[in-house]
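Novice: Below are the structure tokens for one structure; questions will follow.
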Amino acid sequence: MPQAKPNIIHGAFLAIAMRWTDRLIGLLSTIILARILVPADFGIIATASIVIALADVLLEMGVYMVLMQTKAPTPAHYDTAWTIRLIQTSIMTVGVLLAAPFAAEYFNNPELTAVIRILAFTFLLEGLENIWIITLQKDQQYTRDFRFMFSKRFAGFVITVAGAVITQSYWALIAGTLGGRLTGVILSYVMDRRHPRFTLEKFRDIFSLSQWVWVQSIAQYFQFRLHEIVVASRESSSVMGTYTLAGQIAAIPTSELLAPLNRVLFPAFVKVKEDLTELKRVFLLAQSVQALIAVPAAVGMTLVAREIVTILLGEKWLTAAPVIEVLALLGCFTAITSSGFYVLSTLGKFRIIAMYAWIQVALFAALAYLVFPDAGADTVARLRLVLAAFGLIAFTVFLCRELPGLNASDMARSIARPAFGAAVMYGGVVAIEPLLHLPLFLGLVIKITAGALLYAVSVLLAWRISGSKSGAESFVLERLAYPALRRLNR
0 MPQAKPNIIH
10 GAFLAIAMRW
20 TDRLIGLLST
30 IILARILVPA
40 DFGIIATASI
50 VIALADVLLE
60 MGVYMVLMQT
70 KAPTPAHYDT
80 AWTIRLIQTS
90 IMTVGVLLAA
100 PFAAEYFNNP
110 ELTAVIRILA
120 FTFLLEGLEN
130 IWIITLQKDQ
140 QYTRDFRFMF
150 SKRFAGFVIT
160 VAGAVITQSY
170 WALIAGTLGG
180 RLTGVILSYV
190 MDRRHPRFTL
200 EKFRDIFSLS
210 QWVWVQSIAQ
220 YFQFRLHEIV
230 VASRESSSVM
240 GTYTLAGQIA
250 AIPTSELLAP
260 LNRVLFPAFV
270 KVKEDLTELK
280 RVFLLAQSVQ
290 ALIAVPAAVG
300 MTLVAREIVT
310 ILLGEKWLTA
320 APVIEVLALL
330 GCFTAITSSG
340 FYVLSTLGKF
350 RIIAMYAWIQ
360 VALFAALAYL
370 VFPDAGADTV
380 ARLRLVLAAF
390 GLIAFTVFLC
400 RELPGLNASD
410 MARSIARPAF
420 GAAVMYGGVV
430 AIEPLLHLPL
440 FLGLVIKITA
450 GALLYAVSVL
460 LAWRISGSKS
470 GAESFVLERL
480 AYPALRRLNR
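Mapping of the sequence shown onto numbering that gives the first Met the number 0: position 16 corresponds to residue 15, and the numbering continues sequentially without gaps.
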């Protein structure tokens, strides 16, 4: 029987450590740019990214996902995937260049024309990237994969910050994006000497799987971007910039914990997909570990949003705090459903994922355009949270139907203690907050410390009461806490 657990654990924690290093650069970039630029600058780039992402998804055939899902792809599969991707990105570049004026007119912002046209060339750079670089992730070469991703990020960071200091405008963000993509192209050929060739030999094999990935991608675009379209079309660039940055800050605790885990989960799931019992076991362990780590991080961000904004971004961004308080809670639902999406992808259930995403899109569109036609940024954020809660129920039904032996009670048990601990943490911090008449930074430190202690104690107590069964808690203690204590005692 395949044993994926050691690889998942080693890869996940290595990836988390490396991802945090990577995202520290991203956080520094955001803080520096927020101090130099104004909300309207972020709003222009955020609105332009809506158009860029739409063009991407309309022609996206999911070749990377197909290669990851295919157990033993041949060189011809890689060559065909690269060829398809290059054709796609070339068409995208031309299409966006032509569509830029119309997008600027729709969003009533003439500055968008030039911004969108420059960003269109990121597609062409993406298409030129060496397709073989995906084997770093597929073969679980976590260290080399990190070096590749980190180098792109660092190049973009240096160019963006330097550009912001020099130009004091949103063009710094554009230069950083292009610089990071160009770095990725160069490194992809340096780090893997296998070079793709132009062919469509395996087009039928790839397209037979990718058509549902394409439908899923379009649905997920609207699932994750429709709220931005609503805000951008109803609010000023300044409000759009505030809303977008609030979303980025709110997602940091969970995205930076879940992204590296997800990066190693998919190839790990693929390795055990023939043994459904083992797949179920690995999935439940992954879900419980993700919930144990990410749920308190999401709730914690809600509790300290105002302090974080004031200290890191400055008072001109204070209107972002209420939005962060709402959007941070989305991370709880992401933590619970994240690994399940990878299970469905592993099983080739792209149609189910697409169906779920389209249901979410339809519900949000009905609420945003029919029930709340004048909804602003704050209301849109609350609508997203409500839909995420209802979406969790629907997702659980879909997943239990597709993975034999899995039921809702299994999933509920895997997240019960993290949910309990997060509730205790939230209640405790809210209770002591009125008593904290302290400087802002000191109050932030006390709230974080109190929240962490309340969460850890309540989860461990609940775990002991339940019989200290093998699960996320034992996994974290055995892999992290006990080794750390042994090193301290030496």
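Glycine is no exception: its CB is placed at the ideal position from the N, C-alpha and C atoms.
1. Which runs of the alpha helix (DSSP H) spanning at least 4 residues fall entirely within the stretch 276-336, listed in chain order?
2. Nearest to V539 by alpha carbon, out of R146, M300, L437?
3. In or out: D78 buried (at least 16 other Cβ within 10 Å) or exposed?
4. Measure the C-alpha to C-alpha separation of Q222 and L278 and round it to an integer number of angstroms.
5. Does DSSP put H226 in a helix, a strand or coil?
6. Could you name the residues of the same chain whose beta carbon sits closer than 7 Å to that of L317, not counting the 5 residues immediately before and after it, in chain order?
7. For V428 and A296, what's the separation of their Cα atoms in angstroms?
8. So, S28 versus V184, is the Cβ gap smaller than 8 Å?
9. Helix or strand or just coil, what does DSSP make of H194?
10. Pick out whichever of R412, A304, T241 has its Cα sitting closest to the Cα of L291.
11. Check for me: the alpha helix (DSSP H) holding H76 runs from which residue to which?
12. Does DSSP put G426 in a helix, in a strand, or in coil?
13. DSSP state of T69, grouped into three classes?
14. Looking only at its own chain, which residues have a Cβ that is under 6 Å from the Cβ of L135, when we skip the five neighbours before and after it?
15. In the DSSP assignment, find the unbroken alpha helix (DSSP H) run with E401 in it and report its ends.
16. Could you compute how far the alpha carbon of G175 sits from the alpha carbon of F156?
17. Out of L23, W213, A163, which has the shortest C-alpha to C-alpha gap to A353?
18. Decide if K348 is buried, meaning its Cβ has at least 16 other Cβ atoms within 10 Å, or exposed.
19. How big is the Cα-Cα spacing for A45 and T182?
20. From the DSSP output, in three-state form, read off D274 for me.
21. Kindly indicate which residue of A356, A387, A451 has the alpha-carbon position closest to the one of V325.
22. Measure the CB-CB distance between P38 and G246 and report whether it falls below 8 Å.
23. If you follow the alpha helix (DSSP H) that A47 is in, where does it begin and where does it stop?
24. Any idea what DSSP makes of P109, helix, strand or coil?
25. Pick from L127, G375, L452, I35: whose alpha carbon is nearest that of W170?
26. Please say whether I351 and E401 have beta carbons closer to each other than 8 Å?
27. Quick one, which of T69, F120, A374 has its alpha-carbon nearest A52's?
28. Taking its Cβ as the centre, do 16 or more other Cβ atoms sit within 10 Å of N406, making it buried, or is it exposed?
29. Determine the direct distance from the alpha carbon of R84 to that of V62, and round the result to whole angstroms.
30. Shortest alpha-carbon distance to G179 belongs to which of E306, L118, V423?
31. Please state the DSSP three-state secondary structure of P1.
32. By DSSP, does F491 sit in helix, in strand, or in coil?
33. Return the first residue and the last residue of the alpha helix (DSSP H) that S457 is part of.
34. Report the CB separation of A421 from V294 in whole angstroms; it is logged as a contact under 8 Å.
Specialist: Concretely, from the data shown:
1. Taking 4 residues as the shortest admissible run, the stretch 276-336 contains the following complete alpha helix (DSSP H) segments, listed from N- to C-terminal end: 304-307, 320-326.
2. Missing from the structure shown is residue 539; the chain here goes from 0 to 489 and no further.
3. Mapped onto the sequence shown, residue 78 falls at position 79. Burial of D78 is indicated by the presence of at least 16 other C-beta atoms within 10 angstroms of its C-beta.
4. In the sequence shown, counting from the first residue as 1, residue 222 sits at position 223. In the sequence shown, counting from the first residue as 1, residue 278 sits at position 279. Roughly 27 Å between the two C-alpha positions.
5. Here residue 226 is taken as the residue at index 227 of the sequence shown, counted from 1. In the three-state scheme derived from DSSP, where H, G and I count as helix and E and B as strand, H226 is classed as helix.
6. Along the sequence shown, read from residue 1 onward, the residue named residue 317 stands at position 318. The beta carbon of L317 lies closer than 7 Å to those of V308, T309 in the same chain, with the five residues before and after it left out.
7. As a position in the sequence shown, residue 428 is number 429, starting the count at 1. As a position in the sequence shown, residue 296 is number 297, starting the count at 1. Looking at the two C-alpha atoms, the distance is approximately 14 Å.
8. In the sequence shown, residue 28 corresponds to position 29, counting from 1. In the sequence shown, residue 184 corresponds to position 185, counting from 1. Result no, Cβ atoms of S28 and V184 do not sit closer than 8 Å.
9. Position 195 of the sequence shown holds residue 194. H194: coil per DSSP, three-state reduction.
10. In the sequence shown, residue 291 corresponds to position 292, counting from 1. Minimum Cα distance to L291 is reached at R412.
11. Residue 76 sits at position 77 when you count from the first residue of the sequence shown. Run containing H76: 74-105, per the alpha helix (DSSP H) assignment.
12. By one-based count along the sequence shown, residue 426 stands at place 427. G426: helix per DSSP, three-state reduction.
13. The residue labelled residue 69 in the question sits at position 70 within the sequence shown. Of the three classes helix, strand and coil, the one that applies to T69 here is coil, per DSSP.
14. As a position in the sequence shown, residue 135 is number 136, starting the count at 1. So the list reads R143, D144, once near-sequence residues are dropped.
15. Mapped onto the sequence shown, residue 401 falls at position 402. Judged by DSSP secondary structure, E401 falls within the alpha helix (DSSP H) whose first and last residues are 376-401.
16. The sequence position of residue 175 within the sequence shown is 176, counting from 1. The sequence position of residue 156 within the sequence shown is 157, counting from 1. Distance between the alpha carbons of G175 and F156 is about 6 Å.
17. Taking the sequence shown and counting its residues from 1, the one referred to as residue 353 is at position 354. Closest option to A353, Cα to Cα, is W213.
18. To locate residue 348, count along the sequence shown from 1; it is residue 349. Buried, since its Cβ has 16 or more Cβ neighbours within 10 Å.
19. Taking the first residue of the sequence shown as 1, we reach residue 45 at position 46. Taking the first residue of the sequence shown as 1, we reach residue 182 at position 183. A45 and T182 have their alpha carbons spaced roughly 22 Å apart.
20. The sequence position of residue 274 within the sequence shown is 275, counting from 1. DSSP places D274 in coil when its eight states are reduced to three.
21. The residue labelled residue 325 in the question sits at position 326 within the sequence shown. Comparing Cα positions, the closest option is A387.
22. Within the sequence shown, the letter at position 39 stands for residue 38. Within the sequence shown, the letter at position 247 stands for residue 246. No; because the gap between Cβ atoms is not below 8 Å, this pair is not in contact.
23. Within the sequence shown, the letter at position 48 stands for residue 47. Taken as a continuous stretch (DSSP letters only), the alpha helix (DSSP H) holding A47 covers 38-57.
24. Along the sequence shown, one-based indexing puts residue 109 at 110. Taken through DSSP and simplified to helix, strand or coil, P109 comes out as coil.
25. Taking the first residue of the sequence shown as 1, we reach residue 170 at position 171. In this structure, I35 is the residue among L127, G375, L452, I35 with its C-alpha nearest to the C-alpha of W170.
26. Here the question's residue 401 lines up with position 402 in the sequence shown. Here the question's residue 351 lines up with position 352 in the sequence shown. Cβ distance < 8 Å, so E401 and I351 count as in contact.
27. Numbered from its first residue, the sequence shown carries residue 52 at position 53. The alpha carbon of A52 has as its nearest neighbour, out of T69, F120, A374, the alpha carbon of F120.
28. Here the question's residue 406 lines up with position 407 in the sequence shown. By the Cβ neighbour-count rule, N406 is exposed, with fewer than 16 other Cβ atoms within 10 Å of its own.
29. Taking the first residue of the sequence shown as position 1, residue 62 is located at position 63. Taking the first residue of the sequence shown as position 1, residue 84 is located at position 85. In a straight line, the C-alpha of V62 is about 7 Å away from that of R84.
30. Here residue 179 is taken as the residue at index 180 of the sequence shown, counted from 1. Minimum Cα distance to G179 is reached at L118.
31. On the sequence shown, position 2 is the one that residue 1 refers to. In this predicted model, P1 has a pLDDT of only 44, less than 50, meaning its place in the structure is not dependable enough to derive any value.
32. Past the boundaries of the shown model lies residue 491; the chain is included only from 0 to 489, so the question cannot be answered.
33. Counted from its first residue, the sequence shown places residue 457 at position 458. 439-464 is the extent of the alpha helix (DSSP H) around S457.
34. For this step, residue 421 is matched to residue 422 along the sequence shown. For this step, residue 294 is matched to residue 295 along the sequence shown. The distance from the Cβ of A421 to that of V294 is about 5 Å, consistent with a contact at the 8 Å cut-off.
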